[in-house]
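Below: the structure, in structure tokens.
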Amino acid sequence: MGLAKHLTGTVKIHFNTMAQTIIITGGAGFIGSHVVRLFVTRYPEYRIINLDALTYAGNLENLRDIDQLPNYHFEKVNILDTAALEMVFSKWNPDGVIHLAAESHVDRSINSPLDFVYTNVIGTVNLLNTAKHHWKNNLEGKRFYHVSTDEVYGALGDTGFFTEETRYDPHSPYSASKAASDHFVRAYHDTYQLPVVISNCSNNYGPNHFPEKLIPLFINNVITGKPLPVYGDGLYTRDWLFVKDHATAIDKVFHEGKTGATYNIGGFNEWKNIDLVKLLCRLMDEKLARDTGSSEKLITYVKDRPGHDRRYAIDATKINRELGWKPSVTFEEGLSLTIDWYLQNTEWLTHVTSGEYQQYYDRQYHK
Ligand code: NAD
Ligand code: TYD
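Just so you know, we're using the working numbering here: the sequence shown kicks off at 20 and counts up by one.
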């Protein structure tokens with residue numbers, strides 16, 4: 020919060036307004052679907068190719084409102100399948116790649132680290148190789164954008180912020196795999212001059228978030244009257260950003276970011292988990308017309324996550340100063356919009372919480 024006063028001024032670096040073909044990987048997931056929607060609607064002259072394997076986290080229902088638009092196309096491809104990647108690049112001849120496809124949940128990474136090595140590290144290197152091979156004769160106007168996380172920087176104490184210069188210090192298999200993929204992206208820039216750009220963002224929240232992560236899990240559990248499992252002492256801190264604000268930051272970085280650069284993206288919005296959960300409970304009591312305090316009664320302290328990072332906080336001064344980006348909604352507004360979305364999309368929640376989800380939930384919370 021304290022950094023917001025420094026957010027002034029804009030330095031324009033680069034803007035490519037020519038019609039483009041862009042492959043967005045992971046476009047059926049949480050953040051990817053918001054990025055796909057923004058690009059398809061804001062740039063009708065672009066061709067947007069959503070490349071996604073449709074794992075448990077990918078859901079084409081997320082894009083139902085825009086999937087008939089003429090500039091939207093879908094390719095069901097796993098980034099581990101190099102032949103399929105080659106075919107998609109040859110078919111569409113992309114100018115840009117915005118790479119979001121990943122295994123993204125820390126708790127799953129603790130149970131199955133290799134899945135994270137395969138998709139996040141090897142999958143990213145496959146994509147880099149395909150882009151490098153396909154663009155070998157002309158790198159002009161090309162861009163490979165890797166969407167990454169602030170978790171690569173490790174954990175903060177009570178004070179301080181992650182800047183673009185903070186040393187990498189990942190602790191979970193998830194953050195280690197994202198750190199490795201960031202290093203490969205930079206290595207392809209330095210070694211092969213691949214025109215890359217990277218952003219590292221704080222925790223996102225918003226519509227279409229898979230209900231294994233804190234906010235959507237707790238919204239779903241309040242709706243269904245299940246316990247709210249707070250890990251450890253509940254005093255862990257995260258810096259929350261509304262997903263649509265992340266999508267506008269990605270738009271800025273893709274079009275105006277400097278080649279080879281890194282941009283930190285964050286909400287200037289730190290919350291201790293327990294304070295966030297109490298706010299969520301209060302809003303849900305109001306929206307569900309339940310007695311004040313009834314959702315809070317569901318809070319249950321459970322065993323801590325191993326290797327749990329104490330605090331994340333992003334210094335997003337650079338993206339504001341160089342690209343003029345800043346978040347557009349307050350946390351209370353964004354959280355209220357998010358809860359409304361879940362209450363209005365119960366069919367979506369029912370679909371994504373059937374099947375594999377039940378096994379995951381039992382494994383994670385009933386062990
Ligand atoms: P998500 O788990 O909701 O979606 C991931 C998408 O990738 C899904 O559509 C899935 O089907 C697809 N995918 C997974 N493995 C694949 C594979 N092998 N081949 C092709 N597609 C595959 O993730 P998210 O929360 O939307 O995160 C998107 C990206 O943003 C990730 O790279 C993540 O590391 C990064 N990020 C997320 C957050 C956050 O708070 N969620 C914050 C910062 C950065
Ligand atoms: P999460 O949404 O998994 O994001 P990340 O681990 O990538 O920050 O978790 C956010 C915070 O909430 C984190 O400190 C762990 C905590 N948490 C719980 O206390 N209970 C839960 O059931 C989950 C999923 C997370």
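From the three backbone atoms N, C-alpha and C, an ideal C-beta is built for every residue, glycine too.
Thinking just about the alpha-carbon of each residue, which of the options is nearest to the one in residue i?
{"i": "Arg257", "options": "Pro89, Tyr207, Ile333 and Glu375", "result": "Ile333"}
{"i": "Ala308", "options": "Gly48, Val241 and Arg324", "result": "Val241"}
{"i": "Pro226", "options": "Leu104, Asp188, Arg66 and Ile238", "result": "Ile238"}
{"i": "Glu275", "options": "Val125, Lys161 and Phe229", "result": "Lys161"}
{"i": "Asn364", "options": "Leu260, Asn339, Leu298 and Arg83", "result": "Arg83"}
{"i": "Gly286", "options": "Val272, Val107, Thr336 and Gly176", "result": "Thr336"}
{"i": "Ile234", "options": "Asp270, Lys291, Phe273 and Asn283", "result": "Lys291"}
{"i": "Ser200", "options": "Pro230, Phe163, Ala174 and Glu184", "result": "Phe163"}
{"i": "Gly251", "options": "Leu57, Lys110 and Gly326", "result": "Gly326"}
{"i": "Leu299", "options": "Leu317, Val116, Gly142 and Asp86", "result": "Leu317"}
{"i": "Val348", "options": "Gln39, Gln383, Tyr193 and Asn223", "result": "Asn223"}
{"i": "Gly343", "options": "Ser196, Val272, His153 and Gln377", "result": "Val272"}
Say the cut is 8 Å; is the CB of residue i nearer than that to a heavy atom of the ligand TYD?
{"i": "Tyr255", "result": "yes"}
{"i": "Glu231", "result": "yes"}
{"i": "Asp134", "result": "no"}
{"i": "Pro387", "result": "Missing from the structure shown is residue 387; the chain here goes from 20 to 386 and no further."}
{"i": "Asn130", "result": "no"}
{"i": "Asn292", "result": "yes"}
{"i": "Asp328", "result": "yes"}
{"i": "Arg324", "result": "yes"}
{"i": "Glu394", "result": "Since the first residue shown for the chain is 20 and the last is 386, residue 394 is missing from the structure and cannot be characterised."}
What does the Cβ neighbour count give for residue i, buried or exposed, with the cut at 16 atoms within 10 Å?
{"i": "His25", "result": "The predicted position of His25 is uncertain, since its pLDDT is 37 and thus under 50; a value taken from the coordinates is nonetheless stated next. Classification of His25: exposed, given that the 10 Å Cβ count is below 16."}
{"i": "Lys95", "result": "exposed"}
{"i": "Ser221", "result": "buried"}
{"i": "Asp71", "result": "buried"}
{"i": "Gly28", "result": "Note on Gly28: pLDDT 38, under 50, position unreliable in the model; no value is reported."}
{"i": "Leu99", "result": "exposed"}
{"i": "Thr168", "result": "buried"}
{"i": "Ala102", "result": "exposed"}
{"i": "Glu305", "result": "exposed"}
{"i": "Ala120", "result": "buried"}
{"i": "Gly374", "result": "exposed"}
{"i": "Ala38", "result": "exposed"}
{"i": "Asn130", "result": "exposed"}
{"i": "Thr369", "result": "exposed"}
{"i": "Leu254", "result": "exposed"}
{"i": "Glu184", "result": "exposed"}
With a threshold of 8 Å (Cβ to nearest heavy atom), would residue i be considered close to the ligand NAD?
{"i": "Phe163", "result": "no"}
{"i": "Tyr187", "result": "no"}
{"i": "Leu236", "result": "no"}
{"i": "Gly48", "result": "yes"}
{"i": "Val166", "result": "yes"}
{"i": "His124", "result": "yes"}
{"i": "Val321", "result": "no"}
{"i": "Ser221", "result": "yes"}
Starting from the C-beta of residue i, find all residues in its chain whose C-beta is less than 6 Å away, skip the five residues before and the five after it, and write them out in chain order.
{"i": "His165", "result": "His118, Val204 and Ile217"}
{"i": "Gly279", "result": "His208"}
{"i": "Phe34", "result": "Unreliable positioning characterises Phe34 in this predicted model, as indicated by a pLDDT of 43, which lies under 50. The coordinate reading is nonetheless provided below. Cβ neighbours of Phe34 beyond the five flanking positions: His274 and Glu275."}
Under 7 Å Cβ to Cβ from residue i, same chain only, skipping five residues before and after it: list those, please.
{"i": "Pro63", "result": "Asn90"}
{"i": "Ser314", "result": "Val241, Cys300, Met303 and Asp304"}
{"i": "Trp154", "result": "Lys161"}
Report all residues from its chain with a CB closer than 8 Å to the CB of residue i; omit the five preceding and five following residues, and keep chain order.
{"i": "Thr319", "result": "Pro246, Leu247, Pro248 and Val249"}
Exercise. Go through the region 144-212 residue by residue and report every complete run of the alpha helix (DSSP H) that reaches 4 residues or more, in order.
Key: 192-211
Quiz item: Where are the alpha helix (DSSP H) runs, 4 residues long or more, that stay fully inside the region 237-301, in chain order?
Solution: 262-275
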